[in-house]
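Top to bottom, those sequences are chains A and B. Count the first sequence with the working numbering and you get residues 4 to 340, in order. Count the second sequence with the working numbering and you get residues 2 to 330, in order. Glycine included, each C-beta is placed from N, C-alpha and C at the ideal position. Shown next, in structure tokens, is the structure this report addresses.
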Amino acid sequence: MRARGWIALALGLVSSGAAAGTAGPKVGPSVGDAQALVREARELFANCRQQKRRKCEGYTQAAAKLLDATRAEPRTPALYLSLARSRREAGQEAGACYAYDVFLAAAPPEDPEVEKVRFERHACGTPRTASFDAGKARFWKALALKRLSGPGSAGAELSQLLDAGYLGPDLAELADKLSEAALEGAEAAFQAALGGARGQDALRRGVELYGLGRDTHLSPLPDAQEAHAAFLGGLLALSEPGRPDRERQARAEKLLSTAVAHAPELLEARRLRGLLRARAEDFGGALEDFQAALPEDSRTALLRATVALPDHPEEAATQLEAVLFHSMGESSGGGGR
Amino acid sequence: MIFAPLALSLFVAACPARPTLWLVQPLAPGQDTVAARAEQALPSLMPQELRAQAVIGRAQLSRALSGKKLKPTCAFAEPACDPAEAVVSNLGFEWTVQVRAGEEAGGFRVRVLLREAGMPPVTSGDERDPDLSRALSHALSQVVPFPEVKLSTAPEGAVVSVDGRAWGRTPAPPRRLASGAHRLEVKAPEGYRAPEPLALEVPLCGAVSRTVTLEELPAQVQVSATPADARLLVDGQLVQGASLSLPPRAYVLRLERDGYLPHEESLRVERGRSYTVTAALEPVRDAGSPAPPDAGSPDSTHSASPDSTAGGAPSAPDAGTPGGAPDAG
């Protein structure tokens, strides 16, 4: 195997990745569960071994899964070794050599596999490193300028590195910093929306930043942030031009339900979901939300009356009286007669 | 005590009975007894026709609700209706009357709110009276029910007020007005004169439509002629004096005097505006005869212009270009 070959491979991938978009899972659990990916790759690998065929598609598929595993857990050296071996079996010699080298650079010297790997990779010749430094420099510069998404942004640069086949434990650091910055911006958009600033562009930006934050977070996003992201998504669905139709209201309600599931204390999400449920004539569901979000609101009493009416007309009458007298002032507290 | 039921009975007797909901709550905690008494008094304040279709109190409401369904979606729509409005429209009541009744030192205090389907709610003032029924009756009579009044002017564009309160600029949408005598004032738009304040009688029931006709103001035309004793003819008719009050349209003004060339010009006037017409007649110049001694100017000149307050230029005269060179003699 000649070093010149896999350098060409890496450079080719760099150029083809230039036009890549920034959306989609990149690093961390958003890519997948590393252990599950490894299990799936092992099965594919084992099947190919049993078939004793020189060319087996399973090796290529296993290599792809292991590549994802390295993205899901960039700081685990063993994954690079598994990737290298899969690639070797799949005939991806340049890629295998690159993964061997990343493993050797990342693994601790006392790792018993290190010596064996040095022997395995002898066909690769002198270790050579394709230059990803320029891409990383552009990433850090964009991050410093808070350009997180869109062309020339840190998100776009990270995508290009990944598309170019970049491997390495430092992907974790890149992703971590990008995620932190994205979530900071997203949280600001969430707070603004909670305060009433619900312009469509700001909502879209907030949703995009939560997406980027999730795609690069090294652990599952905390419940609160998942709730905020879904809340902004629900608001965005409702803010689209034109009167929200049934489909759009259903989509918004689903997102708000996600928000409520992650953060039941997010009362604004409950209020909005309650409104949508009432519009869809799910008055029982709406009552649940209104009781939580606006227990003293006259609409809550109206929903209580609506739900109570078929079986408890006395209770419905009491609630309707409360609705009617709600705005009249000098309330006696609902009338005790 | 006798007066109050009578007053309300008279008030509603002429009106068609409609399904209504009447609810009473205490004004303040601890005044449940007063509220209960007010609720008991309500049927006695109503004529039979109204009472037959009235649902009074929570217990009757509960029975009336049996078999009904609520679908208060409008309270959650965008824009949302008032939840109370959703109740009224859902239950099929023509209107609901909410009463708050309580007791104060020296008597009773009652406030009433009327909700009518599709109309903004209306409240009575705080009615205070030593007698509960009378206080209740007075408070009810302030809001229940009142006819719709449509006020217009011919032409439209006037500002109308009723009892000193702004009603709006015509054409104004119809509004509710308590029955009885009211004072209607109209402020006319430019060029019109409104009549003096008018009496407006609103009956107990039904709609009222009243149109006030505005008087069109004439244009004021001041004619200044030289010589001053020139005769003035308007559309061929001799008129006396130099100050004219003319309805808006086009006229032909003619000034003439013996020994002078007549001067004629057309003038279009607009309502309510003032115009000044000035003209100097040119003496007739026979060969060798001197100009008349009162010819004040060498030329016959004229001008007609609206006063500074008036807009628009008068039409050009159709005769009377300046009459030649000054007499050399």
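Problem set entry | Any beta strand (DSSP E) of 3 or more consecutive residues that is wholly inside the region 107-165 of chain B | 108-117, 128-130, 149-155 and 160-163
Exercise. Which first and last residues belong to the beta strand (DSSP E) in which Leu254 of chain B is found?
Worked result: Ala251 to Glu257
Problem set entry | Simplified DSSP assignment, three categories, for Lys149 of chain A | coil
Exercise. Tyr252 of chain B to Arg166 of chain B, Cα distance in whole Å?
Worked result: 43 Å
For this session: Verify whether the separation of the beta carbon atoms of Val100 of chain B and Val111 of chain B is less than 8 Å.
Result: yes
Exercise. Along chain B, in chain order, which residues have C-beta atoms closer than 7 Å to that of Pro316 of chain A?
Worked result: Ser63, Leu66 and Ser67
Exercise. Does Pro20 of chain B get closer than 8 Å to chain A when you measure Cβ to Cβ?
Worked result: no
For this session: Label Leu66 of chain B either buried or exposed according to how many other C-beta atoms from any shown protein chain fall within 10 Å of its C-beta, with 16 as the threshold for buried.
Result: buried
Exercise. Between the C-alpha atoms of Gln26 of chain B and Glu191 of chain B, what's the straight-line distance to the nearest angstrom?
Worked result: 52 Å
For this session: Give the interface partners of Glu256 of chain A over in chain B, defined as CB-CB distance under 8 Å, in chain order.
Result: Correct list: empty, because the minimum Cβ distance to chain B is about 13 Å.
For this session: Scan the region 39-93 of chain B and note each continuous alpha helix (DSSP H) run of 4 residues or more that stays entirely inside, going in chain order.
Result: 49-53, 58-66 and 84-92
For this session: Please compile the residues from chain A whose C-beta is within a distance smaller than 7 Å of the C-beta of Phe94 of chain B.
Result: Within 7 Å Cβ-Cβ: nothing; Phe94 of chain B doesn't reach chain A, min ~10 Å.
Exercise. Ends of the beta strand (DSSP E) at Glu266 of chain B?
Worked result: His264 to Arg269
Problem set entry | Min CB distance Ala320 of chain A to chain B below 8 Å | yes
Exercise. If you drop the 5 nearest sequence neighbours on each side, which residues of the same chain put their C-beta closer than 6 Å to that of Ala296 of chain B?
Worked result: Here the model assigns Ala296 of chain B a pLDDT of 39, short of 50, so the residue's position is not dependable, and the following value carries that caveat. For Ala296 of chain B, where only same-chain residues beyond five positions count, the Cβ hits under 6 Å are Pro284.
Problem set entry | Contact under 8 Å by Cβ, Leu164 of chain A with Ala157 of chain A | no
For this session: Might you give, ordered along the chain, the residues of its own chain that have their beta carbon closer than 6 Å to the beta carbon of Arg254 of chain A, omitting 5 neighbours on each side?
Result: Ala240
Problem set entry | Residues, ordered as in the chain, of the region 237-268 of chain A that lie near chain E by beta-carbon distance below 7 Å | The question asks about chain E, but that chain is absent: this structure's protein chains are A and B.
For this session: List the residues that DSSP assigns as beta-bridge partners of Lys188 of chain B.
Result: B:Val160
Exercise. For chain A, is any of its Cβ atoms less than 8 Å away from the one on Phe77 of chain B?
Worked result: yes
Exercise. Considering only the beta carbon of each residue, do Val235 of chain B and Leu254 of chain B sit closer than 8 Å?
Worked result: yes
Exercise. Around the C-beta of Arg116 of chain B, are 16 or more other C-beta atoms found within 10 angstroms, so that it is buried, or is it exposed?
Worked result: buried
Problem set entry | Arg59 of chain B: contacting residues in chain A (beta-carbon distance under 7 Å) | Ala320, Thr321 and Glu324
Exercise. Going along chain B in order, which residues have a C-beta closer than 8 Å to the C-beta of Glu284 of chain A?
Worked result: Lys72 and Thr74
Exercise. If we ignore side chains and look at the alpha-carbon of each, how far apart do Pro313 of chain A and Gly68 of chain B end up?
Worked result: 7 Å
Exercise. What residues in the region 126-145 of chain B bring their beta carbon closer than 8 Å to a beta carbon of chain A?
Worked result: none
Exercise. So does the region 241-260 of chain A actually touch the region 273-289 of chain A, counting three or more Cβ pairs closer than 8 Å?
Worked result: yes
Exercise. Which chain B residues are close to Leu86 of chain A, counting only those with a beta carbon under 9 Å from its beta carbon?
Worked result: What Leu86 of chain A touches in chain B: nothing, since even the nearest Cβ is about 53 Å away.
Exercise. Which residues, taken in chain order from the region 95-121 of chain B, show a beta carbon closer than 9 Å to some beta carbon of chain A?
Worked result: Thr97, Gln99, Arg101, Gly103, Arg112, Leu114 and Arg116
Exercise. By Cβ distance below 7 Å, which residues in the same chain neighbour Gln294 of chain A in space, the five residues on each side in sequence not counted?
Worked result: Thr303
Problem set entry | chain B contact for Leu305 of chain A (CB, 8 Å cutoff) | yes
Exercise. Hey, quick one: how far does the alpha helix (DSSP H) through Ala192 of chain A stretch, first residue to last?
Worked result: Leu174 to Leu197
For this session: Could you tell me which residues DSSP puts in a beta bridge with Trp168 of chain B?
Result: Bridge partners of Trp168 of chain B: none, in fact.
For this session: Determine the direct distance from the alpha carbon of Thr212 of chain B to that of Ser225 of chain B, and round the result to whole angstroms.
Result: 41 Å
Exercise. For Arg150 of chain A, which residues of its own chain have a beta-carbon under 6 Å away from its beta-carbon, when the five flanking residues on both sides are left out?
Worked result: Ser156
For this session: Specify whether the region 125-140 of chain B and the region 156-174 of chain B touch according to this definition: at least 3 beta carbon pairs, one from each stretch, less than 8 Å apart.
Result: no
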